[in-house]
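Visitor: Protein chains in written order, with UniProt numbering: chain A, 1 to 352; chain B, 1 to 326. From the three backbone atoms N, C-alpha and C, an ideal C-beta is built for every residue, glycine too. Fair warning: this is a prediction, and the values are worked out from it, not measured in the lab. Mind having a look at this structure? Questions to follow.
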Amino acid sequence: MPDPNVEMIRYLDADGTPVQDLPDFARQRDTLVDLYAAMVRTRAFDAKAVALQRTGRLGTYGSSLGQEAIGIGVASVMLAEDVFIPSFREHGAQMMRGVSMEELFLYWGGDERGNDFAAPLARRDFPVCVPVGSQFPQAAGVALALVQKGARGVAVAVAGDGATSKGDFYEAMNMVGVWQLPAVFVINNNQWAISLRRQDQTAAETLAQKSVAAGIPGVVVDGNDVIAVRQVTAQALSRARAGPGGTLIECVTYRLGDHTTSDDASRYREDEEVSPHWRQEPVLRLRNHLVAAHGWSKDEEEALLRESNDSVDKAAEVYLATQPDRPRAMFEHMFAQMPTELAQQAGDVADD
Amino acid sequence: MTEMTMIEAIRTALARAMDDDPDVILMGEDVGINGGVFRATDGLIQRFGASRVRDTPLSETAIAGVAVGAAVQGLRPVAEIQFMGFLYPAIDQLANHAARFRNRTRGRLTCPMVLRAPYGGGIGAPEHHSESMEAMLAHIPGLRVVSPSSPAKAYGLLLAAIRDPDPVVFLEPKRLYRAGSETVTDDGAALPLDTAFRLREGADLTIVGWGAMLSEVNEAADQLAGEGISAEVIDLATLKPYDRAMVRASVEKTGRCVIVHEAPLTAGFGAEIAADLAEHSLTSLLAPVHRVTGYDTVMPYPRLEAHYMPSTERILKAARAVMEFQ
Ligand SMILES: Cc1ncc(C[n+]2csc(CCOP(=O)(O)OP(=O)(O)O)c2C)c(N)n1
Ligand SMILES: [Mg+2]
């Protein structure tokens, strides 16, 4: 594994030009188109979600604008036996795991049913984790369960740069190291934790470096290069599957938008600071590569955009037409058997 | 004298405390340049500098623990936990340390810190952003737990909390942050801690509440007045230690009591009040004490939130039940 202090793994530069030999999968047009389509769809989903929130039809929402390559790269190499344990910003990865857009809209619209993933692939995946960083110890526990049960799956958790300041993160990595657990911890380093800059989050030179103390490998990867994210994740997953344990992957990217729809980033950063990062963003990068290396055409591009927007619009319509759950549902999922006293309380509430 | 919202009153109190005492420092996530996610600290970093208004890394354990250490060594830290739902890791520092320093050193070391946190539902916030877990904190011996119900209360009680020689958890009902304004005089006058406020005199029943629920309580009291029922309304303000004398005296006068809180029913703070009345005021009671509370459920996501929040109607129903009790 490369030195987490110095090297950042990258295959495509900002213009989409390869800077080293591409891995096999990245020479296949179809594979690249699939990755590209997933990122485009994620961007369309984000745009719709923000628009719905702005018109009062969705709750607070955190867009993954500019960070699509991370979730897509990671989820694209996960297998059915793996378990995904995401932060609140990995909509693209969740969709790749089979979570439907309707479910995502429901969740972000304030409806618990959005967490009841129907897709077999996502059936054992965790819902998003809102308390930052608290998913890492759980991921270690997931990995433990997989090992004890003789499964070959890997626990894959994603969180932000801010999450690396939590004790949860260190404690979990330490456990993964000691017990050699099959867990991959992915950091979406988008350079911001709301208004806090990455350099004010930690004095460590890289976030990947934090793995050193836990005795597990750490890798820094260009998080705007979906090929690099996928390749590094694939290596970490096979390492975990083969036995020697976990890996920390720092994906370096940039949060192009506000933290969430409740945030106003202009309070703490200038547009001039953001604009250079638009040149680095992952969707454009892969499109440039597809055009140059695989003759991706204007027609194909337009068809993809149309298709993505249509599927997002359809999902939004289904979501908007979904009536809120029955109020009593809030009581019905507290315990396997509803205790008598809870049933009495439920009697207070209308059942429709 | 200025009209202020609660968030403005909090900001004004913080600034006043920092002006008065150079040992007062602020810390928390996004409290600096961003002014806090609710803007409670807006403009304070510009005014008092980055050494007194500190943006912290994302680490609630460290926010609380650093506040403990700094307080024990003579600073007056006012630390912010961005939402109460993220306060749980800080409970280790509060329960095992902040609340015990004075006792375990027999007064040699003390911990005059304030931990502020927005709490409560009703604004359609995402999950983990709407809970009311004040009873957990009130259960910790050695902590003061305070929750204001209006801008003026927020101003005066926060100043009192900061000046208090012991640790105070200051829970801000975020539903009220911008819900209305009132006249607040920035005169540096603190309100007393450990003292409840009688918001309305009444003869027939006592309604006890705190924080945001006082809106519904006052609404209910208005409607009851229209029905010829005179309700006395008590704003507890400090939950720990609470003004038992005022609540007992009121209930001994009216003979009836309804307690209202947003937090779940079981082992909620209302249980403490009801038990105290059972022990001390039983012979004055003309009806059983009623509680109107949240349910013993996980706080529902926004689409069902309104069904969880105690409504004016539920308070009225309880009030009529105690009035009709034979
Ligand atoms: C434990 C905890 N503290 C505070 C918050 C409030 N909050 C939500 S997101 C966030 C910043 C997260 O930054 P980062 O980990 O970098 O993830 P990003 O949002 O940038 O994807 C904060 C402080 C929270 N959700 N959980
Ligand atoms: Mg971040």
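Specify which residues have a beta carbon nearer than 7 Å to any heavy atom of ligand 2, listing them in chain order.
Guide: Working through the chain, the matches are A:Gly-160, A:Asp-161, A:Gly-162, A:Asn-188, A:Asn-189, A:Asn-190, A:Gln-191, A:Trp-192, A:Ala-193, A:Arg-255.
Visitor: Would you say the stretch 283-291 of chain A touches the stretch 31-44 of chain A, given that touching needs at least three Cβ pairs under 8 Å?
Guide: Yes, they touch.
Visitor: Return yes when at least one heavy atom of ligand 1 lies under 7 Å from the C-beta of Ser-195 of chain A, else no.
Guide: Not so, every heavy atom of ligand 1 lies at least 7 Å from the Cβ.
Visitor: Could you check what DSSP says for His-139 of chain B in three-state terms: helix, strand or coil?
Guide: It is coil, neither helix nor strand.
Visitor: When the Cα atoms are used, what is the spatial distance from Ile-259 of chain B to Val-40 of chain A?
Guide: So the alpha carbons of these two residues sit roughly 53 Å apart.
Visitor: From Asn-34 of chain B to Asp-276 of chain B, what does the alpha carbon distance come to, in whole angstroms?
Guide: Approximately 44 Å between the Cα atoms of the pair.
Visitor: What residues of chain A sit near Phe-86 of chain B, judged by a beta carbon separation below 8 Å?
Guide: Those are Pro-131, Val-132, listed as they occur along chain A.
Visitor: In chain A, which residues lie less than 8 Å from Asp-55 of chain B when you measure between Cβ atoms?
Guide: Going along chain A in sequence order, the residues near Asp-55 of chain B (Cβ under 8 Å) are Ser-195, Leu-196, Asp-200.
Visitor: For Ala-160 of chain B versus Leu-193 of chain B, is the C-beta distance shorter than 8 Å?
Guide: Cβ distance < 8 Å, so Ala-160 of chain B and Leu-193 of chain B count as in contact.
Visitor: In angstroms with no decimal places, state the Cα-to-Cα distance between Gly-215 of chain A and Gly-109 of chain A.
Guide: Rounded to whole angstroms, Gly-215 of chain A to Gly-109 of chain A spans 41 Å at the Cα level.
Visitor: Taking all protein chains shown into account, do 16 or more other C-beta atoms lie within 10 angstroms of the C-beta of Asp-20 of chain B, making it buried, or fewer, making it exposed?
Guide: Burial call: exposed.
Visitor: Counting only Cβ pairs nearer than 9 Å, list the residues of chain B close to Pro-137 of chain A.
Guide: Within 9 Å Cβ-Cβ: nothing; Pro-137 of chain A doesn't reach chain B, min ~12 Å.
Visitor: For chain A, is any of its Cβ atoms less than 8 Å away from the one on Val-260 of chain B?
Guide: No - not a single Cβ of chain A is within 8 Å of the one on Val-260 of chain B.
Visitor: Is Phe-45 of chain A near ligand 1, going by C-beta to nearest heavy atom under 7 Å?
Guide: Not so, every heavy atom of ligand 1 lies at least 7 Å from the Cβ.
Visitor: Distance, Cα to Cα, Thr-195 of chain B vs Glu-279 of chain B?
Guide: About 20 Å.
Visitor: Since Leu-239 of chain B and Ser-147 of chain B are thought to touch, with beta carbons under 8 Å apart, how far apart are those beta carbons, to the nearest angstrom?
Guide: Between Ser-147 of chain B and Leu-239 of chain B the Cβ distance is about 6 Å, and since that is below 8 Å, they are a contact.
Visitor: Is the shortest distance between the beta-carbon of Gly-167 of chain A and the beta-carbons of chain B less than 8 Å?
Guide: Yes, because at least one Cβ of chain B sits closer than 8 Å to the Cβ of Gly-167 of chain A.
Visitor: Less than 8 Å between the CB atoms is what I'm expecting for Ala-118 of chain B and Glu-29 of chain B, so what's the real figure, rounded?
Guide: A small correction: the amino acid at residue 118 of chain B is Pro; Ala does not occupy that position in the sequence shown. Rounded, the Cβ-Cβ distance is 12 Å, inconsistent with contact.
Visitor: Within 7 Å: the Cβ of Leu-94 of chain B and any heavy atom of ligand 1?
Guide: Flag unset: Cβ of Leu-94 of chain B not near ligand 1.
Visitor: Report yes if the C-beta distance between Thr-41 of chain B and Val-184 of chain B is below 8 Å; otherwise report no.
Guide: Not a contact, by the Cβ cut-off of 8 Å.
Visitor: Counting only beta-carbon atoms, is Ser-59 of chain B nearer than 8 Å to chain A?
Guide: Chain A contact via Cβ: present.
Visitor: Output the distance between the C-alpha atoms of Gly-180 of chain B and Arg-291 of chain B, rounded to the nearest integer angstrom.
Guide: Computed Cα separation, rounded: 27 Å.
Visitor: Quick one: grab the DSSP three-state call for Val-217 of chain B.
Guide: DSSP places Val-217 of chain B in helix when its eight states are reduced to three.
Visitor: Going along the chain, which unbroken runs of the alpha helix (DSSP H) with 4 or more residues stay wholly within the stretch 75-151 of chain B?
Guide: If we require 4 residues or more, the alpha helix (DSSP H) runs fully inside the stretch 75-151 of chain B come out as 88-93, 101-104, 134-138.
Visitor: Keeping to the same chain, check which residues put their C-beta closer than 8 Å to that of Leu-144 of chain A; ignore five residues upstream and five downstream.
Guide: These residues qualify, in order along the chain: Trp-179, Leu-181.
Visitor: In this structure, does DSSP put Phe-325 of chain B in helix, strand or coil?
Guide: Three-state result, Phe-325 of chain B: coil.
Visitor: How is His-290 of chain B classed by DSSP in three states: helix, strand or coil?
Guide: Reduced to three states, the DSSP call for His-290 of chain B is strand.
Visitor: Across which residues does DSSP place His-333 of chain A in a beta bridge pair?
Guide: Note: His-333 of chain A sits in no beta bridge, so no partner.
Visitor: Tell me the DSSP secondary structure of Asp-351 of chain A in three-state form.
Guide: Looking at Asp-351 of chain A - three-state DSSP - the assignment turns out to be coil, as it is neither helix nor strand.
Visitor: If contacts are defined as beta-carbon pairs under 8 Å, then Val-220 of chain A and Glu-81 of chain A qualify, I think. What distance do you get, rounded to the angstrom?
Guide: At roughly 28 Å, the Cβ-Cβ gap does not stay under 8 Å, so Val-220 of chain A and Glu-81 of chain A are not in contact.
Visitor: Assign Leu-237 of chain A to buried or exposed, taking buried as 16 or more other Cβ atoms, counted over all protein chains shown, within 10 Å of its Cβ.
Guide: So Leu-237 of chain A ends up on the buried side.
Visitor: Please report the residue range of the alpha helix (DSSP H) in which Met-95 of chain A lies.
Guide: Per DSSP, Met-95 of chain A belongs to the alpha helix (DSSP H) from 91-96.
Visitor: Taking a contact to mean a Cβ-Cβ separation below 8 Å, would you say residue 376 of chain B touches Gly-124 of chain B in this structure?
Guide: Examination of residue 376 of chain B is not possible in this model, given that chain B is present from 1 through 326 alone.
Visitor: Nearest-angstrom Cα distance between Ala-69 of chain A and Asn-224 of chain A?
Guide: C-alpha separation (whole angstroms): 6 Å.
Visitor: What does Met-330 of chain A reach in chain B if we use C-beta pairs closer than 8 Å?
Guide: Those within 8 Å of Met-330 of chain A in chain B are Tyr-295, Thr-297, Val-298, Pro-300, Leu-304, His-307, Tyr-308.
Visitor: Could you tell me if the beta carbon of Gly-62 of chain A falls within a distance shorter than 7 Å of some heavy atom in ligand 1?
Guide: Yes, Cβ of Gly-62 of chain A sits closer than 7 Å to a heavy atom of ligand 1.
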